[in-house]
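Q: My numbering applies: residue 18 is where the sequence shown begins, and numbers increase by one.
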Amino acid sequence: MNIDSKITYIDEADSSSDLILENYKYSLDEFTSYVVMNQKNGRGRMGNRWNSSKGNLHFSTLIKPKNRIKFWPQLSFISALAVKSSLSHYLIAKDDNIKFKWPNDIFIDNKKISGILIETTSDQKAVVVGIGINLINNPDIKNKYWKSINFLDYFGIKIIPEEISQLLLNEIMNFIKIWYVKGFPYIKNLWIKDALFLNEEMCSVDLKQNIKGTFIGLGELGQIIIQDKNNETTQLSTGTLLPTKLMK
18 MNIDSKITYI DEADSSSDLI LENYKYSLDE FTSYVVMNQK NGRGRMGNRW NSSKGNLHFS
78 TLIKPKNRIK FWPQLSFISA LAVKSSLSHY LIAKDDNIKF KWPNDIFIDN KKISGILIET
138 TSDQKAVVVG IGINLINNPD IKNKYWKSIN FLDYFGIKII PEEISQLLLN EIMNFIKIWY
198 VKGFPYIKNL WIKDALFLNE EMCSVDLKQN IKGTFIGLGE LGQIIIQDKN NETTQLSTGT
258 LLPTKLMK
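1) Can you tell me the Cα-Cα spacing of residue 254 and residue 54, whole angstroms?
2) Just to check my reading of the structure: residue 241 and residue 250 have Cβ atoms closer than 8 Å, yes? What is that Cβ distance to the nearest angstrom?
3) Bridge partners of residue 260, per DSSP?
4) Using the beta-carbon count (16 or more within 10 Å), is residue 63 buried or exposed?
5) Measure the alpha-carbon distance for residue 189 versus residue 218 and round it to whole angstroms.
6) Could you say if the segment 36 to 52 and the segment 118 to 132 meet the contact criterion of at least three C-beta pairs nearer than 8 Å?
7) Just confirm the distance between the C-beta atoms of residue 74 and residue 181, as a whole number of angstroms; I'd bet it's less than 8 Å.
8) For a test of the three-state rule: what should DSSP assign to residue 195, helix, strand or coil?
9) Going by CA-CA distance only, name the one from 163, 91, 125, 170 that's closest to residue 136.
10) Does the segment 146 to 162 come close enough to the segment 87 to 103 that 3 or more CB-CB pairs lie under 8 Å?
11) Taking buried to mean at least 16 other C-beta atoms within 10 Å of its own C-beta, is residue 120 buried or exposed?
12) Output the residue ranges of the beta strand (DSSP E) runs that lie fully inside the segment 22 to 46 and measure 3 residues or longer, sorted by chain position.
13) Roughly how far, in whole angstroms, is the beta-carbon of residue 77 from the beta-carbon of residue 37, given that I think they are within contact range, below 8 Å?
14) In chain order, what are the residue ranges of uninterrupted alpha helix (DSSP H) at least 4 long that sit wholly in the segment 77 to 138?
15) Can you find the residues in the same chain that come closer than 6 Å, C-beta to C-beta, to residue 41, ignoring five residues on each side of it along the sequence?
16) With a threshold of 7 Å on Cβ separation, who are the neighbours of residue 141 within its own chain once the five nearest residues in sequence on each side are excluded?
17) Need the endpoints of the alpha helix (DSSP H) that residue 205 sits in, please.
18) Buried or exposed, going by whether 16 or more other CB atoms sit within 10 Å of the CB of residue 177?
19) At the level of alpha carbons, what is the spacing between residue 81 and residue 88?
Have a look at this one:
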């Protein structure tokens, strides 16, 4: 398959995911993808929005999963593995520094470089996976708990969006095949090997209930499993949890 023929490059738009959602009614093929060079209104989890100038990767692709809809959140972990594999092409010996923060962020040396957003189409027959990677600058999002980095400043390596988008789409397709054949337990084990804050004490920062305990693994659908001091476990599918050491 010619990967590049699946990707449309747009000079400027609100967001790459919006382009897929707007054009979905025209019966888009699976893995139809958009890359927006200058994204004016990107979005992430919890309603975060930002501008991101030309040079970073703003990528979205359409997936029509064969699995039941309840398993679709697993695509966040599949996408994270695809991002790591794509960035590893440029880092070689340093790819062990790439870690995953539950549920949808990619960090290098404890600094954020990429985020993922999973959205379901209105007819609930397909998923839009949106991925942003800081290639040459950092989006204007302030976070008091960690810094963000970009690939050019941090490693001195310039990656062009057109090149990495083809790598990324190919990796997404490969990991989806693995998902179908080997199941989520295999994907989960790959992800957990590089999980940030695994076996550390975590606490919730945006939930009505106060959750505090040790991050011990992932559930069947990708929920984070937190074990409290009484060895009772809680599985969460949404929310933001941070290490208590960052809250002090």
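Ideal Cβ placement from N, Cα and C applies to all residues, glycine included. Given the structure is predicted, the values throughout are model-derived calculations rather than measurements.
A: By the coordinates alone:
1) 32 Å
2) That belief does not hold up - the Cβ atoms of residue 241 and residue 250 are roughly 10 Å apart, past 8 Å.
3) 219
4) Unreliable placement is indicated for residue 63, whose pLDDT of 49 sits below 50; no coordinate value is reported for it.
5) 31 Å
6) no
7) 6 Å
8) helix
9) 91
10) yes
11) buried
12) 24 to 30
13) 5 Å
14) 92 to 108
15) 138
16) 86
17) 201 to 210
18) exposed
19) 12 Å
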